[in-house]
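*Asks:*
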Amino acid sequence: MLTISFCIIVYNEENNIGRCLKSVRGLVDEIIVVDTGSTDRTKSICEEYGARIFDHKWTDDFSKARNHGVSKASCDWILLLDANEELILHNPVGLKQYLQNTTYDLVPIRITHFYGKKPADKKRALFSSAPRLARNDGAAQVSGAIHERIDAAGKSTGRRRTSGVLLKSSISGI
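Quick note on our numbering: the sequence shown kicks off at 2 and runs consecutively.
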């Protein structure tokens, strides 16, 4: 059966990480957390979800931290999220079947970015899509010190299909 590694970088995310990890539980087969120096309860919350935690010195480069996590992934596919994001997947079995049969190496996910005051409201949302799932065949690399993205040199990207919905809590103006 197809397997998925969940890779995430964190720094003092105790207010977000539990919601994020809960959203991928049952879909992913391993959780890899790269911690860049948390001083709060982030690591202990991750341990509650069975995460493998790796410390990584922060070097002002998100892609280096993400690639450290990607290098630890042992499953067929890699899922990348931020700690303030939540995966809402209506058909986990369907996603795994899609990944099992696709010839693509990168799969975009629809992202909803919320802004404004809490609670999140679809009237205050922007939509986009970006590759967040990558085949783990050694070609996947994250690039960009800020606003990083996953690439697979010479590999194919899936059509802009909605494989799942990713909610990004971008709350500002509070």
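Ideal Cβ placement from N, Cα and C applies to all residues, glycine included. Being a predicted model, the structure only gives us computed values, none of them experimental.
Where SER24 and SER64 are concerned, what is the direct C-alpha to C-alpha distance, given to the nearest angstrom?
*Replies:* For this step, residue 24 is matched to residue 23 along the sequence shown. For this step, residue 64 is matched to residue 63 along the sequence shown. Answer to the nearest angstrom: the Cα atoms are 23 Å apart.
*Asks:* What did DSSP end up calling ARG111 once you bin it into helix, strand or coil?
*Replies:* Here residue 111 is taken as the residue at index 110 of the sequence shown, counted from 1. Correct three-state label for ARG111: strand.
*Asks:* If I measure Cβ to Cβ from SER144 and keep anything under 7 Å in the same chain, skipping five residues before and after, which residues do I get?
*Replies:* Within the sequence shown, the letter at position 143 stands for residue 144. Answer for SER144: SER64, ARG150 and ASP152, listed in chain order.
*Asks:* Just to confirm the assignment, what range does the alpha helix (DSSP H) spanning PHE29 have?
*Replies:* Mapped onto the sequence shown, residue 29 falls at position 28. Per the sequence shown, the amino acid found at residue 29 is Val instead of Phe. Run containing VAL29: none; DSSP gives neither H nor E here.
*Asks:* What residue range does the alpha helix (DSSP H) around PRO93 cover?
*Replies:* Here the question's residue 93 lines up with position 92 in the sequence shown. Looking at the DSSP string, the run of the alpha helix (DSSP H) that includes PRO93 is 93-102.
*Asks:* With distances taken between CB atoms, is the gap from ALA84 to SER6 smaller than 8 Å?
*Replies:* Taking the first residue of the sequence shown as position 1, residue 84 is located at position 83. Taking the first residue of the sequence shown as position 1, residue 6 is located at position 5. No, Cβ-Cβ distance for ALA84 and SER6 is not below 8 Å.
*Asks:* Using alpha carbons as the reference points, say which of LEU134, ARG111 and ASP62 lies closest to GLN101.
*Replies:* Along the sequence shown, one-based indexing puts residue 101 at 100. Ranking LEU134, ARG111 and ASP62 by Cα distance to GLN101 puts LEU134 first.
*Asks:* With C-beta atoms as the reference, is GLU14 less than 8 Å away from THR43?
*Replies:* Translated into the one-based positions of the sequence shown, residue 14 becomes position 13. Translated into the one-based positions of the sequence shown, residue 43 becomes position 42. Cβ atoms of GLU14 and THR43: closer than 8 Å.
*Asks:* Apart from the five residues just before and just after PRO120, which ones in its own chain have a Cβ nearer than 7 Å to its Cβ?
*Replies:* Taking the first residue of the sequence shown as position 1, residue 120 is located at position 119. Closer than 7 Å at Cβ, skipping near neighbours: no residue.
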